[in-house]
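Residue numbers (my numbering): 2 to 157.
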């Protein structure tokens, strides 16, 4: 899968969607240090160990580079920034049961907004698994020649 680039200075506004999410009982926020074990375990169980490792790394920076979507004290999604490389967004994932409700967009927007606030003009979405989602949500474009990109072969 290719990497994608996002123009942070031209991000679409998703603020109206966060009010809608809140009215349906969802909160999107930065994860707290004491939630590390629960979040990393949820990512491992819901997705895979590779994403869980990247998520654990996001907890090692200040401020924490992991955003979570929560409903009734249960994790429903996550998005990490700067966990594998500087200026990279991802991994990002939403529980299958609540996909299509705007959580992925809200999580991605939170992460990209953090990168914008850090002074970046562009962000990279590494190894983008759903290019159409990133293109629609953030105006991301595929970076030609970015496969396999900076990633070495994964250890087993």
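Glycine included, every Cβ here is placed at the ideal spot set by N, Cα and C.
Keep in mind that this is a model prediction, so the values were computed, not measured.
Residue 83 classed as buried or exposed, judged by whether at least 16 other C-beta atoms fall within 10 angstroms: Its Cβ being crowded by 16 or more others within 10 Å, residue 83 is buried.
Collapsed DSSP secondary structure at residue 68 in the structure displayed: strand
Contact the segment 92-99 vs the segment 118-125: 3+ CB pairs below 8 Å: no
Three-pair Cβ contact test at 8 Å for the segment 68-82 versus the segment 96-105: yes
Pick from 68, 28, 136 and 22 that is closest to residue 13, judged by C-alpha positions: 136
DSSP beta-bridge partners of residue 1: Nothing can be reported for residue 1: it is not among the residues displayed for the chain, which extend from 2 to 157.
Beta-carbon gap between residue 65 and residue 88 smaller than 8 Å: no
Nearest-angstrom Cα separation, counted from residue 47 out to residue 128: Taken atom to atom, the span from the alpha-carbon of residue 128 to that of residue 47 is near 19 Å.
Span of the beta strand (DSSP E), counted from its first residue to its last, around residue 29: Where residue 29 is concerned, the enclosing beta strand (DSSP E) starts and stops at 27-31.
Reference residue 38, options 53, 27, 72 and 11, closest by Cα: Minimum Cα-Cα distance from residue 38 among the listed residues 53, 27, 72 and 11 corresponds to 53.
Check whether residue 142 and residue 5 have beta carbons under 8 Å apart: yes
Test item: CB-CB of residue 140 and residue 7 under 8 Å: yes
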